[in-house]
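Asks: Pasting a structure here, questions to come.
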Amino acid sequence: MSGSRYLEVVQTLIDPPIEARLLWIRAQAATLAMSDGSLCAVFDAEAIGDDELAAAMTRFVRGNDHLGVKVVLVGAAPRHRTLLSSLQPRVMMGRIVQVFALEQDGQTWVGARSRLDSPTGRTLVEVARRPPIAIDLATVAERQRPPDAEQVAHAREVLSFVHKTRAGRPWAVWSLLAGIAGVFALEWLWGGTELTPTLVRMGANLSARWTAEPWRLLSSAWLHAGPVHVLVNGVALLLLGGLIERLLGWPRLVLLYVAAALGGSLASAIGAQAQLSVGASGAIWGILGASAALAWRPAGLVPDAVLPQLRRNAFMNIAINLLLSMKPEIDLLAHVGGGIVGGALVWSGLLTRGVGDGQRSGGRRLAAAAAAAVALLLASLPIAWSRERPWALDDLEPRQLIALSERDGTIEVPPTLAGLRAQDGTTLRSYELGDLRVDAFELHVVIGDPPPRAPDADVDPRTIASDALGVPEQHLQLLDGPDAPRWPTFVTHDHEGQLDVLAACQVREDGFVRLEAAHWSALPGFGPALERALRSYDRP
């Protein structure tokens, strides 16, 4: 009965409305070309032993690794589900392997990325619901339509291209990935992969500083904000960059990567869409733009038989990534800028010139240009690091004794890149130390003469501090101990987003001093350090 069902499935697939093309059929198996461009193999599970069946299905899937494939098992048993699932890669990107089963009891089953509401799935459901129909193998075999000479040539052309794009190792891409992974590890070591001062010190692209610090246009391409960011970009670089490197050679891939990274960073900095921007997305979008340009201007590098699929893939990739780039936290201008640079380099022929003449690796000039691009990309990091010292972000020592002014005294603080900034007002004088964009902390000292309320016997210093800080009295804590300031000093703690905030008020006979300090929560050691700074404040 199973054989009858097997032939029913084959005949239903080649009949309208599906009208698959029957390429080959035998008593236990058949191969069909589906309208979506995939190949479908139908097997009769009851007519083939499990070992032979497993070998045949594996050969089919692996032997057509350049195409999407479907495997249909008719007359299956529940034990065959594991076998079918084993045919599917754990991660399916670009190529889909779908598996279906019509079991002996009439149940239907599908594997991952396979659906019963697809044409193949609906065929199995239809056959399972109706009574068995007697079908002769010879009758079905008469409808075989083996590929003609043109189709064979087409298939060989596709296979040749696929083998070309899989030959060898894309060493330039792997080297870039290794560099990105190494820099990401240093981000984690030097404060955190999503910590603003770590990223800024390591070379993030800043719209306000790129003209004075142009190396940030390239150093930012090494950096990534968080594991998801680096993982997504790494996978995209491996898939897209590997294709371009194998087609154009490593020198052109490197030139494309660096030019697109530079173009994306410039677009981001000039457009000032993001105050801070990191990631290789501009460079990867450049590779995406180059791939799309190749689909419409192949320059003899891509066979005509592959172009329709390449164009569909390019359109889908750009559409999906463009939609994702609309999210608020994504730097759209960097993506678009990089994509335009990559597309223009291929569309104009600048990047593809000479490749079709067997000069994939390029001549000396091309190799020299690629080496210069690599040197620029690599040099951007040590330049940024030597100036900003990202490894010193969480240093608590040596503390610096900072003189605010002769009148307003001194305070001892942890090391900071930002200098002292002073501002005089009519009744208040303020000083700022540190900058949360580049430092672990920021400290504000505000000195007022006279105090908000004139101190007298009836006014508690805690009340004066409460007014100065805008905090209820019960939330204030008196700093005491042997190193406490000479004057009553009250402190309060708070948490705002990624920051821990410490505010204090020192109540004096001649006025008050308000001290406000904030540090990144990811660097908890600065909480006690800033409290020590508050205790150290000394005013004549």
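In our numbering, the protein residues as written are 1 to 540. All C-beta atoms in this analysis are idealised placements derived from N, C-alpha and C, irrespective of residue type, glycine included.
Count the other CB atoms within 10 Å of the CB of Met202; is the residue buried (16 or more) or exposed (fewer)?
Replies: Met202 comes out buried.
Asks: Taking only the alpha-carbon atoms, compute the straight-line gap between Met1 and Val152 and give it to the nearest angstrom.
Replies: Model confidence at Met1 stands at a pLDDT of 41, short of 50, so the residue's coordinates are unreliable; what they give is reported in the following sentence. Their Cα atoms are separated by approximately 36 Å.
Asks: Which residue spans inside the segment 81–123 form an unbroken beta strand (DSSP E) run of at least 3?
Replies: Entirely contained in the segment 81–123, the beta strand (DSSP E) runs reaching 3 residues are, in chain order, 97–103 and 108–110.
Asks: Out of Ala305, Arg311 and Met316, which has the shortest C-alpha to C-alpha gap to Glu150?
Replies: When only C-alpha atoms are compared, the closest one is Ala305.
Asks: What's the gap between the Cα of Val140 and the Cα of Phe60?
Replies: Roughly 21 Å between the two C-alpha positions.
Asks: With burial defined as no fewer than 16 other Cβ atoms inside 10 Å of the residue's Cβ, what is the status of Ala29: buried or exposed?
Replies: Classification for Ala29: buried.
Asks: Scan the segment 474–531 and note each continuous beta strand (DSSP E) run of 3 residues or more that stays entirely inside, going in chain order.
Replies: Counting only runs of 3 or more, we get 489–496, 499–508 and 511–520.
Asks: Identify the continuous alpha helix (DSSP H) that holds His444 and give its terminal residues.
Replies: From DSSP, His444 is part of no alpha helix (DSSP H) but of the beta strand (DSSP E) over Phe441 to Gly448.
Asks: Quick one: Cα of Leu322 to Cα of Arg364, how far?
Replies: Each residue's alpha carbon lies about 37 Å from the other.
Asks: Once DSSP output is grouped into helix, strand and coil, what is the label at Asn317?
Replies: The answer is helix: DSSP assigns Asn317 an H, G or I state.
Asks: Is the beta carbon of Leu262 closer than 8 Å to that of Leu231?
Replies: No.
Asks: For Lys70, does the count of other Cβ atoms within 10 angstroms reach 16, so buried, or fall short, so exposed?
Replies: Per the 10 Å Cβ criterion, buried.
Asks: State the DSSP-derived secondary structure class of Thr427, mapped to helix, strand or coil.
Replies: Coil, per DSSP.
Asks: Looking at the strands, I want to know which residues DSSP matches up with Leu433.
Replies: Bridge partners of Leu433: Leu443.
Asks: Could you give the residue range of the alpha helix (DSSP H) that holds Ala465?
Replies: Residues Pro461 to Leu469.
Asks: Just curious, the beta strand (DSSP E) that Ser405 is in, first and last residue?
Replies: Run containing Ser405: Gln400 to Ser405, per the beta strand (DSSP E) assignment.
Asks: From Gly565 to Arg514, what distance separates their C-alpha atoms?
Replies: What is shown of the chain runs 1 to 540, which leaves residue 565 out entirely.
Asks: Would you list the one or two residues that DSSP bridges to Lys556?
Replies: Nothing can be reported for residue 556, as the shown portion of the chain is limited to 1 through 540.
Asks: In angstroms with no decimal places, state the Cα-to-Cα distance between Pro482 and Gly409.
Replies: Rounded to the nearest angstrom, the two C-alpha atoms are 20 Å apart.
Asks: Measuring only the C-alpha atoms, how far is Thr492 from Leu443?
Replies: The straight-line gap from Cα to Cα measures roughly 14 Å.
Asks: Give the DSSP-derived three-state secondary structure of Leu23 in the structure shown.
Replies: Reduced to three states, the DSSP call for Leu23 is strand.
Asks: In its own chain, which residues sit with a C-beta less than 7 Å from the C-beta of Leu393, not counting the 5 before and 5 after it?
Replies: Result list for Leu393: Trp190, Gly191, Pro197, Thr198, Arg201 and Ala440, in chain order.
Asks: By the DSSP assignment, the alpha helix (DSSP H) with Leu243 in it spans what residues?
Replies: Taken as a continuous stretch (DSSP letters only), the alpha helix (DSSP H) holding Leu243 covers Gly242 to Leu248.
Asks: Count the other C-beta atoms from every protein chain shown that fall within 10 angstroms of the C-beta of Asp500, then say buried if there are 16 or more, exposed otherwise.
Replies: So Asp500 ends up on the buried side.
Asks: With Val200 as the anchor, note down where its alpha helix (DSSP H) starts and where it stops.
Replies: Its alpha helix (DSSP H) spans residues Thr196 to Met202.
Asks: Quick one: measure Cβ to Cβ for Gly282 and Gly242, integer angstroms, because I've assumed they're closer than 8 Å.
Replies: Contact doesn't hold; Cβ gap of about 19 Å is too wide.
Asks: Using three-state DSSP, classify Ser277 as helix, strand or coil.
Replies: Of the three classes helix, strand and coil, the one that applies to Ser277 here is strand, per DSSP.
Asks: Could you spell out where the beta strand (DSSP E) holding Glu412 opens and where it closes?
Replies: Gly409 to Val413 is the extent of the beta strand (DSSP E) around Glu412.
Asks: If you run the structure through DSSP and keep just helix, strand and coil, what is Gly49?
Replies: Coil at Gly49, not helix or strand.
Asks: Taking the alpha carbon of Asp480 as the reference point, which residue from Ile180, Leu345 and Ser536 has its own alpha carbon closest?
Replies: For the residues Ile180, Leu345 and Ser536, the minimum Cα distance to Asp480 belongs to Ser536.
Asks: Please report the straight-line C-alpha distance between Val438 and Lys327, rounded to a whole angstrom.
Replies: The alpha-carbon atoms of Val438 and Lys327 are separated by roughly 26 Å.
Asks: In the DSSP output, what is Thr205 paired with across the bridge?
Replies: Reading off the sequence, residue 205 comes out as Asn, not Thr. Answer is Ser277.
Asks: Go ahead and pull the three-state DSSP assignment for Gly75.
Replies: If DSSP states are grouped into helix, strand and coil, Gly75 belongs with the strands.
Asks: In three-state DSSP terms, what is Thr193?
Replies: Correct three-state label for Thr193: coil.
Asks: Is it the case that the CB of Gln98 approaches a heavy atom of the ligand PLP more closely than 7 Å?
Replies: Annotation note on the ligand PLP: not contained in the displayed structure, which lists no ligands.
Asks: Assign Met316 to buried or exposed, taking buried as 16 or more other Cβ atoms, counted over all protein chains shown, within 10 Å of its Cβ.
Replies: Per the 10 Å Cβ criterion, exposed.
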